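2 protein chains.
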Amino acid sequence: MEENNIPECPAEGLLKLLSGKWKPQIFRHAVDGPVRFNQLLRLLPNSNKQSIAVALKELEEADLLVKTTVRLKPLHIEYRLSERGNAMIPIFRQLELVSG
Amino acid sequence: MEENNIPECPAEGLLKLLSGKWKPQIFRHAVDGPVRFNQLLRLLPNSNKQSIAVALKELEEADLLVKTTVRLKPLHIEYRLSERGNAMIPIFRQLELVSG
DNA sequence: ACAATTAGTCAAAAAAACATGACTACCCAA
DNA sequence: TTGGGTAGTCATGTTTTTTTGACTAATTGT
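Protein sequences appear in the order of chains D and C.
For the first sequence, my numbering gives the first residue as 1, with consecutive numbering after it.
For the second sequence, my numbering gives the first residue as 1001, with consecutive numbering after it.
Encoded structure:
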């Protein structure tokens, strides 16, 4: 890897963060409520474990999602929007306006 | 190429559009005024003709930039923000807020 | 005890994005 | 007429991202 460019554009980091193939859709689902690994695999046709796992990890590291182990019933893990993730919602809404 | 996913997320297209390595920076410069091919090559260290050419073409096809041939003085081509491009500016501003 | 569901990891291959260097073609000035 | 600046294209090679398929391991239902 050659890394030598200073980020000229402040929005660039955030943009890169959401630029994976599956991240926008994962984020979109997370807006509607907590999401789970296998659920996403089912919700996103043509996706795969590896990609979803990597996307979830990166969204978590970027502090857009928070990972929680739910210690009840069928013991599982869920990902929900962080505070920062929630702050992104109005931006998505605006993007949708410009899209349509 | 296997293409079979319907875009579940309305913001996805726009996001993908701005997700290239050079597009955010090109867009950023275009906000400050019309940009030109060789100018961008100089402004963006470590970039290259090919990548800039492709990025400009895609931004134009996406109707974010408008390409104009300026028939005066040293006959050149410039790219300026389209109406849709201008509509993106407030979104970039918001992205910068969430970033910082 | 057995099978299914949970949530992953890993190595490898395939696909997409990006970079390199050579080349084109037009305009303008010395 | 040589040289520089404009704006690219093209074939090729490298790098990054995404996919595939095999595997792990704990928990839960029958």
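Every residue gets a Cβ at the ideal spot worked out from N, C-alpha and C, and that includes glycine.
Keep in mind that this is a model prediction, so the values were computed, not measured.
C/V1066 - partner residues in DSSP beta bridges:
Reading the second sequence from its first residue, position 66 is the one you call residue 1066 of chain C. Partner(s): C/R1080.
Beta-carbon of D/P10 versus every beta-carbon of chain C: anything under 8 Å?
Reading the first sequence from its first residue, position 10 is the one you call residue 10 of chain D. At least one chain C Cβ lies under 8 Å of D/P10.
Under 8 Å, Cβ to Cβ, is there at least one residue of chain D near C/I1091?
Your numbering for residue 1091 of chain C matches position 91 in the second sequence. So yes, C/I1091 belongs to the interface.
Does any CB atom of chain C fall closer than 8 Å to the CB of D/P24?
Here residue 24 of chain D is taken as the residue at index 24 of the first sequence, counted from 1. With 8 Å as the cut-off, D/P24 counts as an interface residue toward chain C.
C/R1036 at chain D interface by Cβ criterion, 8 Å:
Residue numbering aside, residue 1036 of chain C sits at position 36 when the second sequence is read from its first letter. No - not a single Cβ of chain D is within 8 Å of the one on C/R1036.
What is the rounded straight-line gap between the Cα of D/K67 and the Cα of C/L1018?
Position 67 of the first sequence, counted from the start, is the residue given in the question as residue 67 of chain D. Position 18 of the second sequence, counted from the start, is the residue given in the question as residue 1018 of chain C. Going by the C-alpha atoms only, they are around 28 Å apart.
Please name the residue or residues paired with C/V1035 in a DSSP beta bridge.
Walking along the second sequence from the start, residue 1035 of chain C turns up at place 35. DSSP lists C/Y1079 as partners of C/V1035.
Quick check on the DSSP output: the alpha helix (DSSP H) that includes C/S1051 runs from which residue to which?
For the purposes of this step, residue 1051 of chain C is taken as residue 51 along the second sequence, with counting starting at 1. Its alpha helix (DSSP H) spans residues K1049 to E1061.
Please report the distance separating the alpha-carbon of C/R1080 from that of C/E1061.
What you label residue 1080 of chain C is simply residue 80 of the second sequence in a count that begins at 1. What you label residue 1061 of chain C is simply residue 61 of the second sequence in a count that begins at 1. Rounded to whole angstroms, C/R1080 to C/E1061 spans 13 Å at the Cα level.
What separation, rounded to the nearest whole angstrom, lies between the Cα atoms of D/M1 and C/R1071?
Counted from its first residue, the first sequence places residue 1 of chain D at position 1. Counted from its first residue, the second sequence places residue 1071 of chain C at position 71. In this prediction, D/M1 has a pLDDT of 46, which is less than 50 and means its spatial position is unreliable; what the coordinates show is noted afterwards. The alpha-carbon atoms of D/M1 and C/R1071 are separated by roughly 42 Å.
What first and last residue would you give for the alpha helix (DSSP H) that runs through C/K1016?
Walking along the second sequence from the start, residue 1016 of chain C turns up at place 16. Here the alpha helix (DSSP H) through C/K1016 covers E1012 to L1017.
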